[in-house]
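Be aware that the sequence shown starts at 799, since it is given in this note's numbering, and climbs by one per residue.
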Amino acid sequence: MASTTAILSWILHESQPDIKGHSSTKSQVFRHVAAHRKLKRQQRTLKLRASALDVLKTLQVPCKDLPGVDNHLGGSDDPFDTLPIPLTPEISDLLYFNRVHLTPALNVSKIRLPPSSTYLQDELAVHGYLARIAAIKWRCCSDDNAFNLMLKMKAEAIRLLRLSLPQADPTRLPRAVMALMFTENWCRSNEPALVHVRLLEAINTNYGLHIDDLINVLHSDAQRAALTMEPMMFAMDDKSWDILEAEFASSTEPRWELDFPSTLHQILIEMRQALAALVIIQTTEALQSQRQAATIKCLHVMGLLLDHYNLASDITEKYTALAALYRIRREANMERISVCGIAVFDAGKVIIPRLRELLLAASDDPRDLRLWACNVGMMSGDNWFYEELNKQLRKDGINNSSDLGRIIGKVEDQQLSRQFVLLVKHASRGQAG
């Protein structure tokens, strides 16, 4: 049997003239290591896939008693979509709901997401995405038929995903897994949603998610986290965040000036970055890569602010993080979106009562910060914040709205956002030239 020294001797003698045999051994070792790493990645991904599919549970009604879904090609009642499945009356009804009610409602958000056709034309994702539409219809319209259809579509999506596992390219899997994650988030089923998120994390780590898919995952996760006041599930290391947000950072390079205690600096800086990112997203002259980086930054900040709230022990820090989160959500049009007259993504139902309690409990907090937080709370329509703001204004002798506006602008550094737009326009013109 060859010794370890003989096998690895090319490491020591690579520079010597007689290396033909060592070079061959070296190539074999490299191939072996590469194959081993590839196999380990595949094994990890397959293990996570299997775990995701095994752990997934249906909601209340067992799927085994539901009729199956045909698999042959079919058309769509939408001329811009071609469904890879038959168009039944039930599916046609879902497409109508999606086109007439759901898509226009969700499109008010400043965070732009891929069109429905991205999923509806994907053979692996279509059933899961139809399950998502059905879940929303059930939740917003109290439609029991939609609930049953959601279960049927979800079961079919899982079946097809299982069948595809042995031969599917891992890069073909994300949208199918994402569609199931969306469905579970709308059904408020956190455990199976988390399994899907972990699988998406593994795919992202080993193969990389498409930037639009990553934004969609982060958006769905940010909405779920805000509604539950829990941390975001999807995780990346700091280096990955820095790379994804680099173009936003290089476009702005801000100089943050703060007159508040150092413990509040990071929270306020993150809020200002997110508000500036939302301005860039809406700037038509911005490059697509800049808007994508700004979108990721904004969604990332929402998760960081929730972390600040959950981990901080200081009352002022906690209410600052909560108010900053709500302020960003309102600015992004991600809060209280109306679908068929039902307000979805109403995180304010949780955030606003907690913000009120924290402001009542706070003492010796900076005046300007308290006025700003009350102003943010007023966005919810809660009269308590209006009364508290008036009380503070009278106490501090502030008699006109322009003075209050200057205070709010100082906390949020609104002038800086306008400067960002000019920097982005200049940068985009430079790249275009």
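We put the beta carbon where it would ideally sit given N, CA and C, even for glycine.
Note that this is a predicted model, so its numbers are computed, not measured.
inquiry  = Between Leu1167, Asn1014, Ala1023 and Gln1090, which has its C-alpha nearest Ala1044's C-alpha?
reply    = Gln1090
ask   = Where do the N-terminal and C-terminal ends of the alpha helix (DSSP H) with Ile956 fall, by residue?
value = Asp942 to Ser962
query = For Ala1023, which three-state DSSP category applies?
reply = helix
inquiry  = If contacts are defined as beta-carbon pairs under 8 angstroms, then Asp1011 and Met1034 qualify, I think. What distance do you get, rounded to the angstrom?
reply    = With 8 angstroms as the limit, Asp1011 and Met1034 do not qualify as a contact, their Cβ atoms being about 14 angstroms apart.
Span separating the alpha-carbon of Ser1111 from that of Ile1009 = 35 angstroms
task = Would you check if there are 3 or more beta carbon pairs closer than 8 angstroms linking the region 1023-1041 to the region 1142-1149?
result = yes
ask   = Under the three-state reduction of DSSP, which class applies to Ile1140: helix, strand or coil?
value = strand
message = I need the DSSP call for Ile883, collapsed to helix, strand or coil.
response = coil
query = Of the residues Gln919, Leu904 and Pro913, which one's Cα is nearest the Cα of Leu881?
reply = Gln919
inquiry  = Taking 7 angstroms as the limit between beta carbons, can you name the residues of its chain near Thr1061, skipping five residues before and five after?
reply    = Asp1112 and Glu1115
inquiry  = One question on the structure: do Ile934 and Ala1130 come within less than 8 angstroms of each other, judged by their Cβ atoms?
reply    = no
Nearest to Gln1206 (by Cα), restricted to the options Asp1166, Asn1181 and Tyr1184 = According to the sequence shown, residue 1206 is Ile rather than Gln. It is Asp1166 whose Cα lies nearest to the Cα of Ile1206.
ask   = Counting along the chain, where does the alpha helix (DSSP H) carrying Ala933 start and finish?
value = Val924 to Cys939
message = Below 8 angstroms on the Cβ atoms is my contact criterion, and I expect Ile1126 with Cys1096 to pass it. Report the Cβ-Cβ distance as a whole number of Å.
response = 7 angstroms
query = CB-CB under 7 angstroms to Pro877, same chain, minus the five flanking residues each way: which ones, in chain order?
reply = A caution first: Pro877 carries a pLDDT of 34, below 50, which makes its placement in the model too unreliable to give a value.
Per-residue DSSP class, three states only, for Ile1135 = strand
Closest residue to Ser940 among Met1177, Gly1139 and Leu1191 (Cα-Cα distance) = Gly1139
ask   = Under 8 angstroms between the Cβ atoms of Asp1180 and Arg1152?
value = no
query = Would Arg973 be called buried (16 or more neighbouring beta carbons within 10 Å of its own) or exposed?
reply = Arg973 comes out buried.
task = Identify every run of the alpha helix (DSSP H) within the region 1045-1129, keeping only runs that are complete inside it and at least 4 residues long; order them along the chain.
result = 1060-1079, 1086-1109 and 1113-1129
task = Determine the direct distance from the alpha carbon of Ile889 to that of Lys950, and round the result to whole angstroms.
result = 12 angstroms
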